[in-house]
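>
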Amino acid sequence: MDKSNIKLIVSDVDGTLLNASHQLNPKFFDVFEQLYAAGITFVVASGRQYQNLRKLFGPIEDRVIFAAENGSYVVYQGREIHSQTLSSEQIQQLVGIGRNVPSANLVLCGKKAAYIENNDPVFINHLSTYFESFEIVPDIRSVDDDILKFTVCDLTGSEQNSYPSFAHLFDHYQVKVSADTWLDISDKLAHKGNAVSMLQNMYGATKEQTMVFGDYLNDLEMMNEAYFSYAMANGHPEVKGVARFIAKNNNEDGVLEVLERLIGIMAI
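Sequential numbering of the sequence shown, starting at 130, is according to the working numbering.
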């Protein structure tokens, strides 16, 4: 396959584009400028909140497409391209289950903000890394917002301790362990793969003209939407199993290395 014909690049954030300290290498912005000048569209696809991503990529926020909340909220230049929300009935069901999980800190992820009931400082500190805008409310079931995702923050381990309580919902929802401490549940159609497919249609990019990077289980679907699918060396075994290529780990700037090689190929 010809990498010089890439039109669309999609990257996860945590564990992928950011290092283990959740920092973005400043070199990324130089690489982005070269990709942008070559007419390549760059998409940030993350479980993070849109407001948080916009701050993280501030210098280029008007030239990046954000597929936030695991692809359930796609925004470009402040304009919503797509959203996939949960119904009030679904929210009631998910909150009901979550309140019976002792280690679960519940988060409703809306378009305007995230909503929580727990003001524990350790939880709040962890939450603040991924959510720029959040509110502590008496009852998250009563907020006035379009809800994109229901999230459990489990500081004891999401895959081992919270996931089993929600695993039976797999046929009706997207139930994704998205990191060591996060479990994300959204509408069945809300995932990064659908977001990538939609953007491919919008921008006239085939799978062979698409490159994706990811590390965790919420990246699985988008791996199938690109020929140039890269799992990080530090990634989950299931993601490595479906990706076509492996990039160096996030602490070695694996994504940047691949993108710099791509720029070199395009310059020939």
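Beta carbons: idealized from backbone N, C-alpha and C, even for Gly.
Assign histidine 365 to one of two classes, buried (16 or more other C-beta atoms within 10 Å of its C-beta) or exposed (fewer than that).
Histidine 365 should be labelled buried.
> In whole angstroms, what separates the C-alpha of leucine 346 from that of valine 306?
Approximately 6 Å between the Cα atoms of the pair.
> How would you write the range of the beta strand (DSSP E) that glycine 343 sits in, first residue to last?
Residues 339-343.
> Report all residues from its chain with a CB closer than 8 Å to the CB of leucine 182; omit the five preceding and five following residues, and keep chain order.
Answer for leucine 182: Val142, Val173, Ser175, Phe195, Ala197, listed in chain order.
> Look up valine 236 in the DSSP assignment and give the residues it is bridged to.
The partner list for valine 236 (beta bridge, DSSP) reads Ile245, Thr280.
> In its own chain, which residues sit with a C-beta less than 8 Å from the C-beta of histidine 211, not counting the 5 before and 5 after it?
Only Tyr202, Val203, Ala324, Met327 meet the Cβ criterion.
> Quick one: is leucine 318 buried, meaning 16 or more other Cβ sit within 10 Å of its Cβ, or exposed?
With fewer than 16 Cβ atoms within 10 Å of its Cβ, leucine 318 is classed as exposed.
> Mind checking valine 278: buried by the 16 CB within 10 Å criterion, or exposed?
Per the sequence presented here, residue 278 reads as lysine, with valine not at that position. Label assigned to lysine 278: buried.
> Quick check on the burial criterion: 16 or more other C-beta atoms within 10 angstroms. Buried or exposed for lysine 240?
Lysine 240 is buried by the Cβ-count criterion.
> Can you tell me whether DSSP reads glutamate 264 as helix, strand or coil?
Three-state DSSP puts glutamate 264 in a strand.
> Smallest Cα separation from tryptophan 311: which of Val384, His255, Gln219, Phe171?
Measuring from the Cα of tryptophan 311, the nearest candidate turns out to be His255.
> When you compare the CB positions of methionine 361 and threonine 214, do they come within less than 9 Å of one another, or not?
For methionine 361 and threonine 214, no; Cβs fall outside 9 Å.
> Do alanine 233 and aspartate 268 come within 9 Å of each other at the CB atom, strictly closer than that value?
Not a contact, by the Cβ cut-off of 9 Å.
> DSSP three-state label for alanine 324, please.
Note: alanine 324 maps to helix in three-state DSSP.
> Roughly how many whole angstroms lie between the Cα atoms of phenylalanine 263 and threonine 280?
For phenylalanine 263 and threonine 280, the distance between alpha carbons rounds to 13 Å.
> With glutamate 209 as the anchor, note down where its beta strand (DSSP E) starts and where it stops.
Start and end: 208-212.
> In the DSSP assignment, what residue or residues form a beta bridge with glutamine 303?
Note: glutamine 303 sits in a beta bridge opposite Ser315.
> What separation, rounded to the nearest whole angstrom, lies between the Cα atoms of proline 293 and glycine 227?
If you take the alpha carbons of proline 293 and glycine 227, they lie about 11 Å apart.
> Looking at the C-beta of asparagine 199, does it have a partner C-beta in chain D at a distance below 9 Å?
The displayed structure is made up of one protein chain only, and chain D is not part of it.
> Between which two residues does the beta strand (DSSP E) harbouring isoleucine 138 extend?
Counting along the chain, the beta strand (DSSP E) containing isoleucine 138 begins and ends at 137-140.
> Going by alpha carbons, who is nearest to aspartate 249 out of Leu153, Ile265, Leu391?
The shortest Cα separation from aspartate 249 among Leu153, Ile265, Leu391 belongs to Ile265.
> Does DSSP classify isoleucine 397 as helix, strand or coil?
Confidence in isoleucine 397 is poor, its pLDDT being 46 and thus under 50, which makes the residue's placement too unreliable to answer from.
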